[in-house]
Amino acid sequence: MGELMALSAAGCFGITHFVSGLAARRAPGMVVSLYAQLGGTAIAIIAALLWQHGPATISAVGWGALSGAGTGVGVAFLYRAMSSGAFSVVVPISDVGAVAIPVLIGLTVLGEHPGWTGLLGIVVALPAIWLISAGPATTGHVTGPSAVRDSLIAGVGFAVQFLGMTRIPLSAGLWPVVVSRVVSVLVIMSLVLATVSNRRMPAGWGCAAAGAGAIGSVAIILYWIATHQQLMAVATVLAALYPAIPVLLALIFLRERVNRRQTAGLLGAATAIALLALP
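Note that the sequence shown covers residues 1439 to 1717 in our numbering.
Below is the structure:
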């Protein structure tokens, strides 16, 4: 069940990034991310009202706030890296960082011990994520040290998002998740006010971004549940396979071609899923 939850989270994360990416072609990326997080906050509040559990502890709320700060930093620095560097470089760096850090902490600090098939699945998944995210090689667009640094920071931010969420007990309910969404909004809003002069968003795409953010909140909730039904390292790897979804959606709806690297990555992802699903 945990594997299914994590894969469902990957599907939702992938849809979120696909729709947000389309919106970012028509409005500043930071503004798109703000609309997305506002939509995500709204759906998290609704879900929290429906999820009847005991009161959240101060510790759970604190972990939620830390997770939200990671979300805000991850989104902000990823968009900044994408504005100055090649997508085929900065996106895979942030993706692999986001999954490698939680996996290492799970294996070395938390004492998680997946079976040999699980370890093999993790080993296969990391290069698969890189290959899927990398896309076609780019020419004429140099990725400088600042873009690489920003993508590394984004990866750390997303890793903090994942790690913080895993420390929230199910008994705390969803209010810590609401806190995480609110904190992410505050972080991104401060960055928008400080760095973005043109904050206009076409109405239709604003709604699309908010809807994508709502799906993103569903993704983080599914991931949170998965980590309590599965080893965190395994759940994180499965959820981090989400780059496959935008690739497939672009293939179907935008008629984009899948290159050899992405094909190899998709095959690797399928292999990793099969290995991680084995008992």
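Quick reminder that beta carbons are idealized off the backbone N, C-alpha and C, glycines included.
Rounded straight-line distance, which links the Cα of residue j to that of residue i
i                  : j               : result
serine 1609        : histidine 1666  : 11 Å
alanine 1702       : serine 1655     : 30 Å
alanine 1648       : glycine 1510    : 15 Å
arginine 1619      : leucine 1564    : 27 Å
threonine 1633     : isoleucine 1591 : 18 Å
alanine 1480       : glutamine 1490  : 17 Å
tryptophan 1501    : glycine 1595    : 14 Å
glycine 1559       : serine 1458     : 29 Å
glycine 1642       : alanine 1650    : 12 Å
phenylalanine 1451 : leucine 1705    : 19 Å
proline 1493       : leucine 1692    : 45 Å
methionine 1443    : arginine 1637   : 36 Å
glutamine 1668     : valine 1547     : 17 Å
alanine 1486       : glycine 1582    : 43 Å
alanine 1465       : tryptophan 1662 : 31 Å
isoleucine 1659    : glutamate 1694  : 31 Å
leucine 1460       : isoleucine 1531 : 21 Å
isoleucine 1453    : proline 1684    : 7 Å
glycine 1506       : serine 1497     : 14 Å
alanine 1427       : proline 1607    : The structure shown does not extend to residue 1427, since the chain spans only 1439 to 1717, so no value can be given for it.
alanine 1514       : proline 1540    : 20 Å
alanine 1503       : arginine 1698   : 40 Å
valine 1623        : leucine 1476    : 7 Å
alanine 1585       : alanine 1597    : 18 Å
valine 1557        : leucine 1716    : Residue identity check: residue 1557 is leucine in the sequence provided, not valine. Near 11 Å, if we compare the C-alpha coordinates of leucine 1716 and leucine 1557.
N- and C-terminal bounds of the alpha helix (DSSP H) containing residue i
i               : result
tryptophan 1489 : Looking at the DSSP string, tryptophan 1489 is not in any alpha helix (DSSP H), and its letter there is neither H nor E.
histidine 1455  : 1440-1462
leucine 1676    : 1670-1677
arginine 1698   : 1698-1715
proline 1684    : 1682-1691
arginine 1605   : That residue, arginine 1605, is in no alpha helix (DSSP H); it is neither H nor E in DSSP.
Local Cβ density within 10 Å of residue i, reported as buried at 16 or more and exposed below that
i               : result
serine 1628     : exposed
alanine 1671    : buried
serine 1589     : buried
leucine 1542    : exposed
valine 1561     : exposed
glycine 1508    : buried
glycine 1449    : buried
glycine 1544    : buried
methionine 1468 : buried
glycine 1549    : exposed
alanine 1673    : buried
isoleucine 1690 : exposed
histidine 1455  : buried
leucine 1569    : buried
alanine 1712    : exposed
leucine 1472    : buried
methionine 1639 : buried
methionine 1603 : buried
leucine 1445    : buried
leucine 1631    : exposed
tryptophan 1554 : exposed
Contact with chain C by residue i, beta-carbon distance below 8 Å
i            : result
alanine 1646 : Judged by its chain identifiers, the structure shown contains no chain C, having just a single protein chain.
Let me know the beta strand (DSSP E) ranges lying completely inside the segment 1626-1663, each 3 residues or longer, listed in chain order.
The segment 1626-1663 contains no whole beta strand (DSSP E) run of 3 or more residues.
- Task: Scan the segment 1509-1575 and note each continuous alpha helix (DSSP H) run of 4 residues or more that stays entirely inside, going in chain order.
- Result: Contiguous alpha helix (DSSP H) elements confined to the segment 1509-1575 occur at 1525-1546 and 1554-1572, taking only those with 4 or more residues.
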